[in-house]
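2 protein chains.
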Amino acid sequence: MDDTADVKAPEALAGSAPLRRLSLYEVVAEQLREMVLEGELMPGSRISEKRLCESFEVSRTPLREALKVLANEGLVELLPNRGAKVTEVDPREVADLFEVMVELEALSGHLLARRASDAEIAELRAMHQQMLDHYRRQERPEYFRLNQRIHRRLAEISGNGVLLELETALNLKITRARYAANMKLGRWDESAREHECILEALERRDDEALADAMRDHMRKTGDAVLEGLAAR
Amino acid sequence: MDDTADVKAPEALAGSAPLRRLSLYEVVAEQLREMVLEGELMPGSRISEKRLCESFEVSRTPLREALKVLANEGLVELLPNRGAKVTEVDPREVADLFEVMVELEALSGHLLARRASDAEIAELRAMHQQMLDHYRRQERPEYFRLNQRIHRRLAEISGNGVLLELETALNLKITRARYAANMKLGRWDESAREHECILEALERRDDEALADAMRDHMRKTGDAVLEGLAAR
DNA sequence: GCTCTGAATTTTGAATTCAAAATACAGTAT
DNA sequence: ATACTGTATTTTGAATTCAAAATTCAGAGC
Numbered sequence: 009m010d011d012t013a014d015v016k017a018p019e020a021l022a023g024s025a026p027l028r029r030l031s032l033y034e035v036v037a038e039q040l041r042e043m044v045l046e047g048e049l050m051p052g053s054r055i056s057e058k059r060l061c062e063s064f065e066v067s068r069t070p071l072r073e074a075l076k077v078l079a080n081e082g083l084v085e086l087l088p089n090r091g092a093k094v095t096e097v098d099p100r101e102v103a104d105l106f107e108v109m110v111e112l113e114a115l116s117g118h119l120l121a122r123r124a125s126d127a128e129i130a131e132l133r134a135m136h137q138q139m140l141d142h143y144r145r146q147e148r149p150e151y152f153r154l155n156q157r158i159h160r161r162l163a164e165i166s167g168n169g170v171l172l173e174l175e176t177a178l179n180l181k182i183t184r185a186r187y188a189a190n191m192k193l194g195r196w197d198e199s200a201r202e203h204e205c206i207l208e209a210l211e212r213r214d215d216e217a218l219a220d221a222m223r224d225h226m227r228k229t230g231d232a233v234l235e236g237l238a239a240r
Numbered sequence: 009m010d011d012t013a014d015v016k017a018p019e020a021l022a023g024s025a026p027l028r029r030l031s032l033y034e035v036v037a038e039q040l041r042e043m044v045l046e047g048e049l050m051p052g053s054r055i056s057e058k059r060l061c062e063s064f065e066v067s068r069t070p071l072r073e074a075l076k077v078l079a080n081e082g083l084v085e086l087l088p089n090r091g092a093k094v095t096e097v098d099p100r101e102v103a104d105l106f107e108v109m110v111e112l113e114a115l116s117g118h119l120l121a122r123r124a125s126d127a128e129i130a131e132l133r134a135m136h137q138q139m140l141d142h143y144r145r146q147e148r149p150e151y152f153r154l155n156q157r158i159h160r161r162l163a164e165i166s167g168n169g170v171l172l173e174l175e176t177a178l179n180l181k182i183t184r185a186r187y188a189a190n191m192k193l194g195r196w197d198e199s200a201r202e203h204e205c206i207l208e209a210l211e212r213r214d215d216e217a218l219a220d221a222m223r224d225h226m227r228k229t230g231d232a233v234l235e236g237l238a239a240r
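Line by line, the protein sequences are chains W and D.
For the first sequence, position 174 (counting from the first letter as 1) is numbered 182 according to the numbering used here, and the numbering increases by one without interruption.
For the second sequence, position 116 (counting from the first letter as 1) is numbered 124 according to the numbering used here, and the numbering increases by one without interruption.
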């Protein structure tokens, strides 16, 4: 039907911020990442290079480069001479993941209490309030997106680049586990309350309380996800 | 001179152990990794694809795939349309790195105290004693290698796969920072003593003491590396 | 002399091609 | 009918080719 559309528009995604064109493999990787995270590519399923190339309308070269990136992120597995498959969500690994994340969050908390500026705390508070609005209006996707943004912002403000990278990387897998577990809504309001605790501890700049609150929040999230996974 | 040598011998490196052929890009990645770690490729230096292709005797495809892997590991930076360069060792980032590593080690300690079997503890003790032998004989490279193996084994035995992966990944950068800092030997015996503390706490299965000892060891290592970096 | 412009060259990005491995499949023997 | 062998097909791995971007460099203009 639309086979006139040979025009690729990778710059469409570039926005305006970084002012640089993305390589094709980066675009493909981002797409793939989303497909894996949202379960569009089922865990365990083999990935046919040809099929994906056709659907993305790119050659195999950038696709294979993208697969290598995803493999490093742990979202796909590369089998030698037999292509790639989407990694399974292994509850055991997810448990390990949260075990680590809990500690990273605690570290983040300690750093935040020391390093966050008043302006940054106000910014987080504003985001938090907006998130509560979405909660009250039961706007689930908006709530979820903002929730993610807040967590990311917390990691950023903690001022440790390595920590930010690790949390981002691990969060990929967590997001995937969430989808796979089909997170029940029960924790929605519980989670909102935990966020309130975090914000309050941060505003008091209470080191230990903040670390504990963040640790606690992550631990409970983990428990909920694992429960969801077990109940499949 | 030797332009008769069109024969590539990638299988020469495959050895016999894993019983599966490594892809070319994996071999290249491993070589590159070593070159970066040992400072053979200087931090900040631009990487010419052509030159490297010639020296490895492979085409650009596997080399570029390998570069993508290294980029994910943070050893090289990919500049759009301008190739790759070896990432600089940024003391600020190294500090962040250790800040995180210290917590990961503490977690590792807690897990080890609970999960290590008697046999595994004995194994670690044996490795430790052997390392002390190398220390007494002043066999530096052997000491260093065994040191690395012990740390890796500790991570393995802690039984958290994600933790093992992270420590392995971060350890890459730490190793590089060490080389860059030209680690002075002063800490050699101090480090051996710290290891003794770790072993003893593990043998007592003293949760807190072990976590503290491992945290402490990593913190001091970090301080030494950072000092070395500052003194360049 | 210095800077700017614009071709020539080099280098990178991505598609295509070629070769090797794996898979699917048909036919034979048991 | 089932298991096995050898061949055809498909799919992956890696080299090559083609196009686009960056770099270099020469010469014109100030």
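Virtual Cβ for every residue (Gly too), placed ideally from N, Cα, C.
Since we're looking at a predicted model, the values are computed, not measured.
Nearest CB-CB separation between L30 (chain D) and chain W: below the 9 Å threshold.
Within the model, the alpha-carbon separation for F64 (chain D) versus M222 (chain W) is close to 48 Å. Between H142 (chain D) and L132 (chain D), the CB-CB gap reaches or exceeds 9 Å. Within the DSSP secondary-structure output, R54 (chain W) pairs in a beta bridge with W:K93.
Against chain D, the beta carbon of K93 (chain W) has no neighbour under 8 Å; the closest one sits roughly 16 Å away. Interface flag for G52 (chain D) against chain W is unset, since no Cβ pair is found closer than 9 Å.
Using a Cβ-Cβ cut-off of 9 Å, P88 (chain W) counts as an interface residue toward chain D, since at least one Cβ of chain D sits closer than that to its own. Residues of chain W with a Cβ closer than 8 Å to the Cβ of L83 (chain D) do not exist; the shortest Cβ-Cβ separation is about 12 Å. Looking only at D:E147, D:M135, D:R184, the smallest Cα-Cα distance to R160 (chain D) is reached by D:M135. Beta-bridge analysis with DSSP links V36 (chain W) to no other residue. Secondary structure note for E85 (chain D): its beta strand (DSSP E) is the uninterrupted segment 84 to 87. Legend: CB atoms of the segment 149 to 178 of chain D lying less than 7 Å from CB atoms of chain W belong to residues N168, G169, V170, L171, L174. Neighbourhood of V77 (chain W) in chain D, by CB distance below 7 Å: K76, N80, in chain order. According to the DSSP assignment, M109 (chain W) belongs to the alpha helix (DSSP H) that extends over 99 to 123.
Listed along the chain, the chain W residues whose CB falls inside 9 Å of the CB of E101 (chain D) are G169, V170. Between the segment 99 to 109 of chain W and the segment 179 to 186 of chain W, the count of Cβ pairs shorter than 8 Å is three or higher; the stretches touch. A Cβ-Cβ separation of about 5 Å places V77 (chain W) in contact with A37 (chain W) under the 8 Å criterion. DSSP places L49 (chain D) in the coil class of the three-state scheme, outside both helix and strand. Excluding residues up to 5 positions away in sequence, L178, K181, I182 lie with their Cβ nearer than 7 Å to the Cβ of L105 (chain D) in the same chain.
At the C-beta level, Y187 (chain D) and L45 (chain D) come within 9 Å of one another. By the criterion of a C-beta distance shorter than 6 Å, L115 (chain D) is surrounded by no residue of its chain, once the five residues flanking it on both sides are discounted. Assignment of S199 (chain D) by DSSP, reduced to helix, strand and coil, places it in the helix class.
Assignment of L234 (chain W) by DSSP, reduced to helix, strand and coil, places it in the helix class. A Cβ-Cβ distance of about 5 Å is found for the pair R123 (chain W) and G167 (chain W), placing them in contact under the 8 Å criterion. Taking 8 Å as the upper bound for CB-CB distance, V97 (chain D) and L237 (chain D) are in contact here, some 7 Å apart. In the three-state DSSP reduction, R148 (chain W) falls in the helix class (H, G or I). Chain W has no Cβ within less than 9 Å of the Cβ of T183 (chain D).
Residue-level contact check: E73 (chain W) touches chain D, since one or more beta carbons of chain D fall below 9 Å from its beta carbon. Around the beta carbon of M50 (chain W), fewer than 16 other beta carbons lie within 10 angstroms, which makes this residue exposed. Excluding residues up to 5 positions away in sequence, L218, A219, M222 lie with their Cβ nearer than 6 Å to the Cβ of G117 (chain D) in the same chain. Here P149 (chain D) is exposed: its Cβ has fewer than 16 other Cβ atoms, across all protein chains shown, within 10 Å.
Interface with chain D (9 Å Cβ-Cβ cutoff): E96 (chain W) is excluded.
Comparing alpha carbon positions, the residue from W:N80, W:E107, W:E211 closest to D231 (chain W) is W:E107. DSSP places A74 (chain D) within a helical segment (H, G or I) once states are collapsed to three.
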